[in-house]
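Notes follow the structure.
2 protein chains.
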Amino acid sequence: MDFKILHTSSLSKARCGQISTGHGSIETPVFMPVGTAGTVKGVHSSELKNDIDAKIILGNTYHLYLRPGTEIISKAGGLHKFNSWDRPILTDSGGFQVFSLANNRKLTDEGAIFKSHIDGSKHIFTPENVVDIQRKIGADIMMAFDECTPYPCDERYAKNSLQLTNKWLKRGWKHFSDTSPHYDHSQAFFPIVQGSVYKHLREESAKFVSDIGAEGNAIGGLSVGEPAEMMYDMIEVVNEILPYDKPRYLMGVGTPVNLLEGVDRGIDMFDCVMPTRNARNGMLFTEDGTINIKNKKWQDDFSPLDEKGETFVDKIYSKAYLRHLIISGELLGAQIASIHNLGFYIRLMKLVRENIRKGTFSTWKNQMIPKLSKRL
Amino acid sequence: MDFKILHTSSLSKARCGQISTGHGSIETPVFMPVGTAGTVKGVHSSELKNDIDAKIILGNTYHLYLRPGTEIISKAGGLHKFNSWDRPILTDSGGFQVFSLANNRKLTDEGAIFKSHIDGSKHIFTPENVVDIQRKIGADIMMAFDECTPYPCDERYAKNSLQLTNKWLKRGWKHFSDTSPHYDHSQAFFPIVQGSVYKHLREESAKFVSDIGAEGNAIGGLSVGEPAEMMYDMIEVVNEILPYDKPRYLMGVGTPVNLLEGVDRGIDMFDCVMPTRNARNGMLFTEDGTINIKNKKWQDDFSPLDEKGETFVDKIYSKAYLRHLIISGELLGAQIASIHNLGFYIRLMKLVRENIRKGTFSTWKNQMIPKLSKRL
Numbered sequence: 003m004d005f006k007i008l009h010t011s012s013l014s015k016a017r018c019g020q021i022s023t024g025h026g027s028i029e030t031p032v033f034m035p036v037g038t039a040g041t042v043k044g045v046h047s048s049e050l051k052n053d054i055d056a057k058i059i060l061g062n063t064y065h066l067y068l069r070p071g072t073e074i075i076s077k078a079g080g081l082h083k084f085n086s087w088d089r090p091i092l093t094d095s096g097g098f099q100v101f102s103l104a105n106n107r108k109l110t111d112e113g114a115i116f117k118s119h120i121d122g123s124k125h126i127f128t129p130e131n132v133v134d135i136q137r138k139i140g141a142d143i144m145m146a147f148d149e150c151t152p153y154p155c156d157e158r159y160a161k162n163s164l165q166l167t168n169k170w171l172k173r174g175w176k177h178f179s180d181t182s183p184h185y186d187h188s189q190a191f192f193p194i195v196q197g198s199v200y201k202h203l204r205e206e207s208a209k210f211v212s213d214i215g216a217e218g219n220a221i222g223g224l225s226v227g228e229p230a231e232m233m234y235d236m237i238e239v240v241n242e243i244l245p246y247d248k249p250r251y252l253m254g255v256g257t258p259v260n261l262l263e264g265v266d267r268g269i270d271m272f273d274c275v276m277p278t279r280n281a282r283n284g285m286l287f288t289e290d291g292t293i294n295i296k297n298k299k300w301q302d303d304f305s306p307l308d309e310k311g312e313t314f315v316d317k318i319y320s321k322a323y324l325r326h327l328i329i330s331g332e333l334l335g336a337q338i339a340s341i342h343n344l345g346f347y348i349r350l351m352k353l354v355r356e357n358i359r360k361g362t363f364s365t366w367k368n369q370m371i372p373k374l375s376k377r378l
Numbered sequence: 003m004d005f006k007i008l009h010t011s012s013l014s015k016a017r018c019g020q021i022s023t024g025h026g027s028i029e030t031p032v033f034m035p036v037g038t039a040g041t042v043k044g045v046h047s048s049e050l051k052n053d054i055d056a057k058i059i060l061g062n063t064y065h066l067y068l069r070p071g072t073e074i075i076s077k078a079g080g081l082h083k084f085n086s087w088d089r090p091i092l093t094d095s096g097g098f099q100v101f102s103l104a105n106n107r108k109l110t111d112e113g114a115i116f117k118s119h120i121d122g123s124k125h126i127f128t129p130e131n132v133v134d135i136q137r138k139i140g141a142d143i144m145m146a147f148d149e150c151t152p153y154p155c156d157e158r159y160a161k162n163s164l165q166l167t168n169k170w171l172k173r174g175w176k177h178f179s180d181t182s183p184h185y186d187h188s189q190a191f192f193p194i195v196q197g198s199v200y201k202h203l204r205e206e207s208a209k210f211v212s213d214i215g216a217e218g219n220a221i222g223g224l225s226v227g228e229p230a231e232m233m234y235d236m237i238e239v240v241n242e243i244l245p246y247d248k249p250r251y252l253m254g255v256g257t258p259v260n261l262l263e264g265v266d267r268g269i270d271m272f273d274c275v276m277p278t279r280n281a282r283n284g285m286l287f288t289e290d291g292t293i294n295i296k297n298k299k300w301q302d303d304f305s306p307l308d309e310k311g312e313t314f315v316d317k318i319y320s321k322a323y324l325r326h327l328i329i330s331g332e333l334l335g336a337q338i339a340s341i342h343n344l345g346f347y348i349r350l351m352k353l354v355r356e357n358i359r360k361g362t363f364s365t366w367k368n369q370m371i372p373k374l375s376k377r378l
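Those sequence lines, one after another, are chains A and R.
Offset between the first sequence (1-based) and the numbering used here: plus 2.
Offset between the second sequence (1-based) and the numbering used here: plus 2.
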């Protein structure tokens with residue numbers, strides 16, 4: 003993997019770059035649609051590529067490990083072959099999902115013992131086997147196994163958790179360095195900064211992570227319920243320390259406004275289930291604000307879904323029709339809204355890059371934030 | 003509407019024809035995908051047109067009347083505009099759905115009083131207002147309001163029911179003749195033959211229907227639980243009487259084998275939820291038999307979904323991947339299987355027409371039936 007910074011913003015820390023992988027290059031800042039179980043819910047791989055133009059998608063190690071299982075994915079020749087997606091894939095480490103299991107997991111120094119949400123079977127994730135699983139999945143970018151602290155989280159817990167995450171990171175990095183890709187493309191390994199909302203812990207973690215010397219670095223444990231301002235503060239603290247010349251990935255974030263604020267603070271990569279999950283509930287993101295398509299006001303609005311949208315659904319379907327589908331619980335409603343929202347997120351990041359290149363990012367961002375925050 | 007017979011089969015009653023409508027022409031025999039609430043579940047209108055190549059779809063008057071309601075559809079300028087489908091649409095009369103409501107409907111001479119399955123609100127369908135609703139929907143082909151008898155059904159009930167259906171047909175036909183299309187395309191009105199599994203009632207009904215002199219005629223009340231042979235017998239009885247030079251539509255039928263047997267007996271049009279409903283449960287129809295994709299045997303079969311299939315899903319997705327999606331309850335699984343199955347039904351009818359044209363229909367049909375009946 004290779005990363006080049008191509009343009010920077012004079013009034014902010016925003017930057018435009020390019021990540022090169024064995025499955026093609028990615029212009030940053032980039033938004034990565036989430037393909038939990040090897041599929042972005044409701045969207046064909048061809049739509050993702052040709053209509054939405056996503057350059058990289060995310061897969062969840064936890065879900066893929068349980069179903070279809072790493073054996074099947076290995077036999078298929080990796081996830082790219084299995085799900086017919088020939089552009090880059092990033093996989094998380096499973097940490098976030100395992101720690102969401104609450105009563106169904108137990109933490110030890112060795113790793114995390116957990117029960118499958120599907121059949122209750124017992125499993126263990128360790129910093130090492132999570133690398134092995136991601137090797138078998140064949141992700142272009144793999145993530146370290148970490149403990150994602152909840153919010154709120156007391157300082158003592160956050161400190162102990164960070165020590166564990168750091169120990170795991172060392173083991174994961176060693177195992178990554180000792181093993182090789184299973185397929186004919188290279189794989190990068192990103193460590194993750196934790197430390198909850200404590201500045202000194204975030205600093206400690208960012209230094210520890212930086213010292214690893216990985217090809218890219220991630221910030222985890224944010225957007226877990228803390229106020230947005232607190233998240234932005236933590237990003238600033240961390241990005242002061244994380245190497246400038248490596249991509250910075252803010253995990254699990256966020257709203258369109260969060261994305262712009264993240265870019266403003268030097269973030270290069272984002273992922274979030276919001277565009278697809280909210281789509282299934284009838285929430286649409288647009289340049290002029292968010293739409294709750296279930297509202298009665300849209301029932302006879304036969305104008306195109308989004309005049310400014312660039313996917314096929316924006317042009318051929320009306321707001322009234324989508325409202326009917328979502329209200330009726332029709333599959334097609336979820337499909338249309340998902341394509342629209344993902345198309346919007348991808349286009350928003352294209353506008354971000356254009357404005358960074360033109361040197362107008364800060365002005366543009368300040369105009370966009372109030373618009374994006376509106377409810378239509 | 004216009005119908006021309008282009009080719010006939012010497013060894014059977016199969017025929018190839020062409021129906022011309024205000025939204026283009028349809029080669030028969032034809033299979034019509036069911037778009038219950040104005041959408042074929044899980045399939046974009048562009049996929050239906052460009053990938054599956056459906057020439058006509060069906061909408062359910064009962065569902066559309068309740069949601070989004072005829073007012074919204076009228077405001078949109080008709081269903082074609084509302085759901086972005088510019089090829090022909092046929093709507094049923096709502097009779098079948100209303101009579102499926104069991105305890106929530108009451109039959110009178112006037113019509114059927116029923117309670118909405120959505121909110122329990124009270125409504126009435128009459129032979130006249132069902133024409134009005136279908137005028138507002140703007141279907142190219144509208145259906146008469148009838149009572150669809152269940153199976154089994156005693157002869158006395160079937161006889162009385164047929165009398166009611168006939169009375170309603172006269173009223174519906176009169177109202178159809180007295181009213182005009184709401185949009186700039188013509189609308190045809192098909193009466194429906196009933197009579198359960200009683201030969202003399204079917205004959206009586208077929209004569210009554212034929213005397214109406216409509217542009218096409220339908221056979222209802224079959225495939226409701228009776229043995230297939232009984233259905234085939236009834237088709238034979240009815241098709242002896244229905245005008246030769248008008249399209250014959252067998253409602254709600256059926257399996258691929260049912261379709262070939264229907265064509266063999268002179269049926270021109272079919273509709274059924276089977277390809278989409280069964281798709282959502284992981285059942286795939288192929289030229290070599292049916293596949294239950296949930297079976298473990300497919301878990302590591304990475305061959306394309308259907309080597310003989312012509313839709314994009316047949317080529318880019320593997321059986322193992324579809325199995326994973328269906329087992330995981332992923333939306334995309336339903337989408338892929340629905341496109342495959344509809345593509346298969348449409349292609350099967352294309353093969354039917356080719357073989358009728360070449361004079362090889364009967365031989366081909368006899369080779370196909372055992373293959374189609376297999377479970378792979």
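No residue lacks a Cβ here, since even glycine has one placed at the ideal position from N, Cα and C.
Because the structure is a prediction, the values reported are computed rather than measured.
May I ask which residues mark the beginning and end of the alpha helix (DSSP H) holding G97 of chain R? G97 to S102
inquiry  = Closest to I28 of chain R by C-alpha separation, out of R:T362, R:G361, R:K352 and R:L374, would be which residue?
reply    = R:K352
Practice problem: Starting from T365 of chain R, trace the alpha helix (DSSP H) both ways and give me its first and last residue. | Solution: F363 to S375
**Report entry** Local Cβ density within 10 Å of N52 of chain A, reported as buried at 16 or more and exposed below that
**Finding:** exposed
Handout entry: Nearest residue (CA-CA) to F287 of chain A, options A:Y153, A:Q165, A:R377 and A:G218
Key = A:R377
Handout entry: Length-filtered (4 minimum) alpha helix (DSSP H) runs lying within the stretch 126-202 of chain A
Key = 129-139 and 157-180
Check the DSSP bridge columns for G61 of chain R and list the partner residues they point to. Answer is R:T93, bridged to G61 of chain R.
With a threshold of 7 Å between beta-carbons, can Y185 of chain R be considered close to chain A, or not? With 7 Å as the cut-off, Y185 of chain R does not count as an interface residue toward chain A.
Local conformation of R282 of chain R per DSSP, three classes:
helix
(Q) For the stretch 299-321 of chain R, list every residue whose C-beta sits within 9 Å of some C-beta in chain A, in sequence order. (A) Closer than 9 Å at the C-beta level to chain A, one finds these residues of the stretch 299-321 of chain R: Q301, D302, F304, F314, V315, I318, Y319 and S320.
**Prompt:** Taking the Cβ atom as the reference point for each residue, do V102 of chain R and V132 of chain R lie within a distance shorter than 7 Å?
**Reply:** Val is not the amino acid found at residue 102 of chain R; the sequence shown has Ser there. No.
### Nearest-angstrom beta carbon gap, D148 of chain R and G97 of chain R [assumed within contact, 8 Å]
5 Å
Between A78 of chain R and chain A, is the shortest Cβ-Cβ distance under 7 Å, so that the two count as touching? yes
Can you check which of these residues, R:Y200, R:Q196 and R:S305, is closest to N219 of chain R by C-alpha distance? Here the closest residue by C-alpha is R:Q196.
**Prompt:** Going by the CB atoms, is the gap between I348 of chain R and A104 of chain R shorter than 7 Å?
**Reply:** Contact flag unset, no.
Which residue from A:Y323, A:S207, A:M276 and A:F314 puts its Cα closest to that of K296 of chain A? A:Y323
Would a C-beta distance cut-off of 7 Å place P31 of chain R and D270 of chain R closer than the cut-off? yes
Would you say A39 of chain R reaches chain A, if we count a Cβ-Cβ gap shorter than 7 Å as a contact? yes
Write down every uninterrupted run of the alpha helix (DSSP H) in the stretch 201-263 of chain A whose length is 4 residues or greater and which is fully enclosed by it, in chain order.
201-214 and 230-243
Applying the criterion that 16 or more other CB atoms from any shown protein chain within 10 Å of the CB defines a buried residue, is P372 of chain R buried or exposed?
-> exposed
Review point. Among the residues of its own chain, which have a CB less than 6 Å from the CB of W170 of chain A, if the five just before and after it don't count?
Key: P129 and F147
Any 3 or more C-beta pairs closer than 8 Å across the stretch 153-166 of chain R and the stretch 65-74 of chain R
no
Could you list which residues in chain A have their beta carbon closer than 8 Å to that of G44 of chain R, in chain order? Per Cβ cutoff of 8 Å: L333, L334 and Q337.
Let's test the definition: count the other Cβ atoms within 10 Å of the Cβ of Y246 of chain R and tell me whether it reaches 16, buried, or not, exposed.
exposed
TODO: Return helix, strand or coil for M3 of chain R, following the three-state DSSP convention.
DONE: coil
Kindly list, in the order they appear in chain A, the residues whose Cβ is closer than 8 Å to that of R69 of chain R.
H326, I329 and S330
Please decide whether S86 of chain R counts as near chain A, where near means a Cβ-Cβ distance under 7 Å. yes
*asked:* When you compare the CB positions of F386 of chain A and L244 of chain A, do they come within less than 7 Å of one another, or not?
replied: The question about residue 386 of chain A has no answer, for chain A in this structure spans 3 to 378.
| request: Spell out whether any CB of chain R is found under 7 Å from the CB atom of I74 of chain A. | output: At least one chain R Cβ lies under 7 Å of I74 of chain A.
(Q) Distance check for E49 of chain A and R355 of chain A, CA to CA, integer angstroms please. (A) Using only the alpha carbons, I get a separation of about 22 Å.
Report the start-end ranges of each beta strand (DSSP E) in the stretch 25-58 of chain R that is 3 residues or longer and not cut off at the edges. List check, beta strand (DSSP E) in window: 26-30 and 32-35.
task = Kindly indicate which residue of R:H65, R:H184 and R:V45 has the alpha-carbon position closest to the one of K138 of chain R.
result = R:H184
Check: Looking at S123 of chain A and S364 of chain A, is the spacing between their C-beta atoms short of 7 Å?
Finding: no
Margin query: I want to see whether chain R comes within less than 7 Å of Y323 of chain A, judged by CB atoms only; does it?
Written below: yes
**Asked** Which chain A residues are close to S48 of chain R, counting only those with a beta carbon under 8 Å from its beta carbon?
**Response** F314 and I318
Check your understanding: Based on the DSSP secondary-structure assignment, which residues constitute the bridge partners of N294 of chain R?
Key -> R:M285
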